[in-house]
Each structure stands twice: as structure tokens, then as C-alpha cells.
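Throughout the sequence shown, residue numbering follows mature numbering (1 follows the signal peptide of the UniProt record, and there is no 0), covering -25 to -1, 1 to 136 in sequence. Note that beta-carbon positions come from the ideal geometry of N, C-alpha and C, so glycine has one too. Below: one structure, written as C-alpha cells.
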Amino acid sequence: MKPISACLLAALVLAVPMLSSCGSAVGLGSETSGNYASTRIKSSDLSLIRSTTTAVFSEAGFSSRGGKGSTLYFQKVGSRSAQITWGGNFNANPVMIEPEVQVSPRGAETLLVCNVYFVQQSTVYGENVKQPHLVGKSGYERMLSTIRKRVEAAEKARTGS
């Protein structure tokens, strides 16, 4: 075996366990079935939760792509670092960041779960290449926390309790 091949093999053997520990650090394998970011809201007013979620994501620069069932879809063009990391050298199509927020009623509470994907249209066949975004959870946790605080404050003002 050539020395370079041995070094690459050793690097791979060392990297695999680190990747699995990184997965647990960003919420993989958690209560929310391996999803990205989540919060529980003390409200069952789905209309208020959906409109607040749309407002918070809009304030962060995302455009709404609508919703289907219990899921809301958002999108924005990725930053330069996303373009470098996820974009191909020969693909001029922009890398898009596409969060999907699931709104799941749980009695008097509602669970919000946010999965984030990098998406880029292929230049070869026109299909979209979609990769899960597994790092940077804190930004989406903050957004979900903002949604929770706003909804719970509105509920408190409405009910007077």
C-alpha cells in the first residue's frame, strides 16, 4: 500500500466516529426522530402558530413556499459559504436553503420541528439535488424559540392569564 493511501485510510477510520458524534450534537437521534430543531408551544391555536412561523421566517429573509398538510415550506438563496460548500464547480445554479417546519398538535401543546435542506438544481437532467443541513442548529432553534415566545405571549394576552 502506498504511503498516501495508508494516510487516507487512517484519516477515514478516525473521521467516521467523529461524524457520528457530530450527528448527536446537532439533534440526530433525539426525541424528535432525528429532526433538526424543535420546540414545544403551550398553545393549540394552529392558525396563530402558522402565521407567526411565517412571520418569523420572513423576518429572517425566507420566502414562504406555502404549506401542505401540517408542514410549512420556506426558501432563500444560500450564502456564499453555502455556495462554496454545496455548489458544484460546473453548476451555476444557486444553492437554496429550504427549511420545512412541521406543526404537530399534542393536546394543549403544539410541537414544531424544523428540518433544513440545501437544494440545487442539476445542470445535467434538471432534477433537484437535496442534502440535509446537519450543522448550525442554533440559528433555527432561536427562530423556533422566537415563535414560541410570540405565540405564548399572544395566548396570554388573549386569555388574560
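1) DSSP on residue 140, reduced to helix/strand/coil?
2) Please report the straight-line C-alpha distance between A129 and A67, rounded to a whole angstrom.
3) With contact counted as at least three CB pairs below 8 Å, one residue from each stretch, are the region 99 to 109 and the region 78 to 85 in contact?
4) Check this for me: beta carbons of I122 and V78, under 7 Å apart or not?
5) Using only the alpha-carbon positions, how far apart do S13 and L119 sit?
6) Look at the Cβ atom of S38, then the Cβ atom of Q50, and state whether they are nearer than 7 Å.
7) Do H108 and V91 have their C-beta atoms within less than 7 Å of each other?
8) What distance in whole Å lies between the Cβ atoms of G53 and V70, which are believed to be in contact at a cut-off of 8 Å?
9) Mapping DSSP to helix, strand and coil, what is S45?
10) Should T27 and R125 be called a contact, given that it needs their Cβ atoms to be closer than 7 Å?
11) For A35, which residues of its own chain have a beta-carbon under 7 Å away from its beta-carbon, when the five flanking residues on both sides are left out?
12) So, is S18 buried or exposed, given that buried needs 16 or more other C-beta atoms within 10 angstroms?
13) According to the neighbour-count rule (16 or more other Cβ atoms, all chains shown, within 10 Å of its Cβ), is L47 buried or exposed?
14) How would you write the range of the alpha helix (DSSP H) that A35 sits in, first residue to last?
Reading from the atomic positions:
1) Here the chain comprises residues numbered -25 to 136, so residue 140 is not present and cannot be evaluated.
2) In this structure, the straight-line span from the alpha carbon of A129 to that of A67 is close to 44 Å.
3) no
4) Cβ distance not < 7 Å, so I122 and V78 don't count as in contact.
5) Near 7 Å, if we compare the C-alpha coordinates of L119 and S13.
6) yes
7) yes
8) 4 Å
9) coil
10) Yes. Within cutoff.
11) M118
12) buried
13) buried
14) Careful: A35 lies outside any alpha helix (DSSP H) and carries neither H nor E.
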